[in-house]
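Let me begin by presenting the structure, written as structure tokens, before commenting on it.
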Amino acid sequence: MPLQALIFDVDGTLADTERDAHRVAFNQAFAEAGLPFAWDVPTYGVYLRVTGGKERLRAFLEEHREYPQLSDEEIAALHRAKTHHYVEMVATGLLPLRPGVRRLLDAARDADIRVAIATTTTPANVEALLHSTLGADALARFAVIGAGDVVPRKKPAPDIYQYVLDRLGLAAGECLAIEDSVNGLRSARGAALPTLITETDYTRGQDFSGALRVLTHLGEPEDPARVITGSEAGSRLLVDIPLLRQWWAETTAP
Ligand code: XBP
Ligand code: MG
Numbered sequence: 010m011p012l013q014a015l016i017f018d019v020d021g022t023l024a025d026t027e028r029d030a031h032r033v034a035f036n037q038a039f040a041e042a043g044l045p046f047a048w049d050v051p052t053y054g055v056y057l058r059v060t061g062g063k064e065r066l067r068a069f070l071e072e073h074r075e076y077p078q079l080s081d082e083e084i085a086a087l088h089r090a091k092t093h094h095y096v097e098m099v100a101t102g103l104l105p106l107r108p109g110v111r112r113l114l115d116a117a118r119d120a121d122i123r124v125a126i127a128t129t130t131t132p133a134n135v136e137a138l139l140h141s142t143l144g145a146d147a148l149a150r151f152a153v154i155g156a157g158d159v160v161p162r163k164k165p166a167p168d169i170y171q172y173v174l175d176r177l178g179l180a181a182g183e184c185l186a187i188e189d190s191v192n193g194l195r196s197a198r199g200a201a202l203p204t205l206i207t208e209t210d211y212t213r214g215q216d217f218s219g220a221l222r223v224l225t226h227l228g229e230p231e232d233p234a235r236v237i238t239g240s241e242a243g244s245r246l247l248v249d250i251p252l253l254r255q256w257w258a259e260t261t262a263p
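The sequence shown begins at 10 in this note's numbering and counts up by one.
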């Protein structure tokens with residue numbers, strides 16, 4: 010059975026969304042609500058260990074008892090405001106896709122390999138990012154979009170990948186996941202998916218053991234990716250469908 014589908018994470022993988030979009034949108038919501046804190050770039054990096062915006066804010070407050078403690082309803086309302094700001098920001102075209110993402114999505118379509126999404130972020134955020142980067146018919150490219158609270162346990166639990174696999178009607182061994190973080194890797198591997206990592210400034214140096222390869226990004230002809238971990242370590246290349254098939258075949262070799 011050949012490779013059937015690529016399952017992409019969103020934040021950090023399709024686009025570098027966290028520092029300049031999610032973080033900024035959170036801070037706008039905090040300021041509007043008159044809250045006495047904001048997340049600078051390093052602080053946000055610390056709390057990225059918690060996936061999900063509501064869960065991240067709860068974790069931050071639990072570790073900062075000096076700040077007003079918010080109810081679940083207050084956190085949910087703040088998070089709705091944050092989502093509104095994020096969607097508005099992304100609709101301006103602020104965020105490009107990461108190198109090689111558009112190229113690989115197009116190549117998968119040409120090769121009859123389905124593409125899907127497995128993310129902890131809110132569905133409205135995914136739609137805003139896809140529309141602003143891939144145009145009006147962007148959503149139709151994806152066979153399944155699994156996002157946000159559709160499963161109770163977010164990454165690193167495997168649930169969102171399991172949800173996407175169920176809807177694709179495929180086994181993990183027929184697919185390949187593309188992720189950027191250790192939480193994403195654990196989620197995908199927990200669902201038994203071979204997983205490629207394209208690291209970001211926030212995830213560089215995380216423990217990516219169990220990944221098929223770790224790369225700087227997917228690569229463009231004028232800006233090839235560098236392989237960080239794997240048999241091609243140190244070399245520069247473009248991640249394309251033949252290479253993905255070759256790497257994926259290693260996982261199914263007897
Ligand atoms: C992304 C997340 C999300 C975003 C914020 O993780 O954890 O919570 O940071 O989005 P991944 P929301 O890339 O592993 O999916 O505020 O909508 O949760
Ligand atoms: Mg991610």
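All residues carry an ideal CB built from backbone N, CA and C; glycine is no exception. Model, not experiment: these values are computed from the prediction.
Original post:
So is Ala258 buried or exposed if we call it buried at 16+ other beta carbons inside 10 Å?
Top reply: exposed
**OP:** Could you tell me which uninterrupted alpha helix (DSSP H) segments, each at least 4 residues in length, are contained entirely in the region 28-102, listed from first to last along the chain?
**Re:** 32-41, 50-56, 62-71, 81-100
Subject >> DSSP beta-bridge partners of Leu15 >> reply: DSSP links Leu15 through a beta bridge to Val124, Leu185.
**OP:** Would you kindly work out how many angstroms separate the C-alpha atoms of Arg112 and Glu208, rounded to a whole number?
**Re:** Rounded to the nearest angstrom, the two C-alpha atoms are 18 angstroms apart.
Subject >> At least 3 beta-carbon pairs within less than 8 angstroms: the region 229-246 vs the region 50-65 >> reply: Contact fails: fewer than three Cβ-Cβ distances are below 8 angstroms.
Original post:
Quick one: does the C-beta of Tyr95 sit closer than 8 angstroms to a heavy atom of ligand 1?
Top reply: At least one heavy atom of ligand 1 is nearer than 8 angstroms to the Cβ of Tyr95, so yes.
Subject >> Nearest-angstrom Cα separation, counted from Ala30 out to Gly155 >> reply: 21 angstroms
Original post:
How far does the alpha helix (DSSP H) with Ala262 in it reach, from first residue to last?
Top reply: From DSSP, Ala262 is part of no alpha helix (DSSP H); its letter is neither H nor E.
Original post:
Are Asp20 and Thr128 touching if we call contact CB-CB under 9 angstroms?
Top reply: yes
Original post:
So, using beta-carbon positions, are Ala180 and Thr204 closer together than 9 angstroms?
Top reply: no
Original post:
Roughly how many angstroms separate the alpha carbons of Pro5 and Ile169, rounded to a whole number?
Top reply: What is shown of the chain runs 10 to 263, which leaves residue 5 out entirely.
**OP:** Take Asp121 as the anchor and find which of Leu12, Val248, Leu252, Ala262 has the nearest alpha-carbon.
**Re:** Leu12
Subject >> Counted within 10 angstroms of its Cβ, other Cβ atoms place Gly144 as buried (16 or more) or exposed >> reply: With fewer than 16 other Cβ atoms within 10 Å, it is exposed.
Subject >> Supposed contact pair Ala14 and Ala149 - C-beta distance, whole angstroms, cut 8 angstroms >> reply: Actually they are not in contact, since the Cβ atoms of Ala149 and Ala14 sit about 16 angstroms apart, beyond 8 angstroms.
Subject >> Chain-order list of residues whose beta-carbon lies under 7 angstroms from that of His140 (same chain, five-residue window excluded) >> reply: Ala147
Subject >> Where Ala24 falls: helix, strand or coil (DSSP) >> reply: Note: Ala24 maps to strand in three-state DSSP.
Subject >> Proximal residues to Thr130 (C-beta, below 7 angstroms), its chain only, five neighbours per side dropped >> reply: Val19, Asp20, Ala156, Gly157
Original post:
Where do the ends of the alpha helix (DSSP H) carrying Thr142 lie?
Top reply: 132-143
Subject >> Asp175 (DSSP reduced to helix, strand or coil) >> reply: helix
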